[in-house]
Amino acid sequence: MCRISFYSLSSSYELETQLLICSRRKYGIQENLHQCLELVVEIQKMLFAFRKSVAEAEQNLVS
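Sequential numbering of the sequence shown, starting at 45, is according to my numbering.
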């Protein structure tokens, strides 16, 4: 499960990078890009928290 969440988090970072590039090069509507960036950051926080909870649950199973 941690591996899948790692891939998801990595993909979200890649999307964030692409959105930042679009914003800097003035591709697209800036307001929309900003909203997308905010959503990506929110998703990254959720994924990080999910990974943390899964790792803690796995450790509790081992203990």
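In this text, a Cβ means the ideal position worked out from N, Cα and C, and glycines have one as well.
Note that the structure is a prediction, hence the values are computed from the model and not measured.
Is it right to say residue i is buried, meaning 16 or more other beta carbons lie within 10 angstroms of its own, or is it exposed?
i	result
Ser107	exposed
Ser56	buried
For residue i, collect the residues of the same chain with a Cβ closer than 6 angstroms to its Cβ; drop the 5 residues on either side in sequence, then sort them by chain order.
i	result
Cys80	Leu63
Please check the pair residue i and residue j, which I expect to be a contact at CB under 8 angstroms, by giving their CB distance rounded to whole angstroms.
i	j	result
Cys66	Leu83	With a Cβ gap of about 14 angstroms, Cys66 and Leu83 do not count as contacting.
From this set, the options, which residue's C-alpha is nearest residue i's C-alpha?
i	options	result
Arg47	Leu59, Ala99, Asn104, Gln103	Ala99
Can you give me the Cβ contacts of residue i inside the same chain, cut-off strictly under 8 angstroms, excluding the 5 residues immediately before and after it?
i	result
Arg95	Cys46, Ser49, Phe50, Leu53
>> Does the contact criterion of 3 or more C-beta pairs under 8 angstroms hold for the region 49 to 59 versus the region 79 to 94?
In response: yes
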